[in-house]
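Offset between the sequence shown (1-based) and this note's numbering: plus 12. Virtual Cβ for every residue (Gly too), placed ideally from N, Cα, C. Structure first, commentary second.
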Amino acid sequence: MANNCINPCTCSDGNGPIPFEVSTQVNNCVSGIREEGIIVNPCLLNNCKAGYCIKEDVPVEICPDETLRCNLKFYTLTFSGDGEVTFSVPVTNGETCEVPEAYTLYDRFDIGQHVFHYCSEVCCPENGCDLIEVEITEAILDQETMQIILRGFYRFNRPNLG
13 MANNCINPCT CSDGNGPIPF EVSTQVNNCV SGIREEGIIV NPCLLNNCKA
63 GYCIKEDVPV EICPDETLRC NLKFYTLTFS GDGEVTFSVP VTNGETCEVP
113 EAYTLYDRFD IGQHVFHYCS EVCCPENGCD LIEVEITEAI LDQETMQIIL
163 RGFYRFNRPN LG
């Protein structure tokens, strides 16, 4: 039942966590960071495509003795491209000189390709920023190099379309 006009259904190339490490140089007067005050602003540089796919020759049981083989149409959202995250890290000083209240770190990363399937037609979300989840597993001030270092994981979440 192969048909060159049918869009086959594809799956994501990986939904696992994406590890990250970002760092920035800080003033020698910085004596610590306030982990509980770190502000994270993730955003998807949105490359979303709405479409559909056909799953061919799917057995559908109608009655206990009757099964039909049908082509089923599923609607899809496909995301690819980059995500961008801004971290605002509040710092403390040793009171020997002025330091900014917080340092800002940026990270840009490839989200891979994520395909989500739906039973009814869907549209791409206007704002993809809530699709990226950020988990910081380590926030340190390296006193030797005077760098703030953040490590953790990004996760891409399925759009909640009601």
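Own chain partners of residue i with C-beta closer than 6 Å, once the 5 adjacent residues on each side are dropped
i: residue 130; result: 87
i: residue 120; result: 94, 96
Collapsed DSSP secondary structure at residue i in the structure displayed
i: residue 49; result: helix
i: residue 173; result: coil
i: residue 63; result: strand
i: residue 77; result: coil
i: residue 175; result: There is simply no residue 175 to check, as the chain begins at 13 and stops at 174 in what is shown.
Bridge partner(s) assigned by DSSP for residue i
i: residue 35; result: 161
Neighbourhood of residue i by C-beta distance below 7 Å, restricted to the same chain and skipping five residues each side
i: residue 171; result: 89, 128, 137, 143
i: residue 169; result: 143, 145
i: residue 141; result: 54, 55, 56
Exposed unless 16 or more other CB atoms sit within 10 angstroms - verdict on residue i
i: residue 84; result: exposed
i: residue 173; result: exposed
i: residue 182; result: No answer is possible for residue 182: it lies beyond the span of the chain, which begins at 13 and ends at 174.
i: residue 101; result: buried
i: residue 72; result: exposed
i: residue 74; result: exposed
i: residue 115; result: buried
i: residue 54; result: buried
Any non-hydrogen atom of the ligand HEM within 8 Å of residue i CB
i: residue 145; result: Annotation note on the ligand HEM: not contained in the displayed structure, which lists no ligands.
In chain order, which continuous runs of the beta strand (DSSP E) of length 3 or greater are located wholly inside the stretch 79 to 166? 114 to 130, 144 to 154
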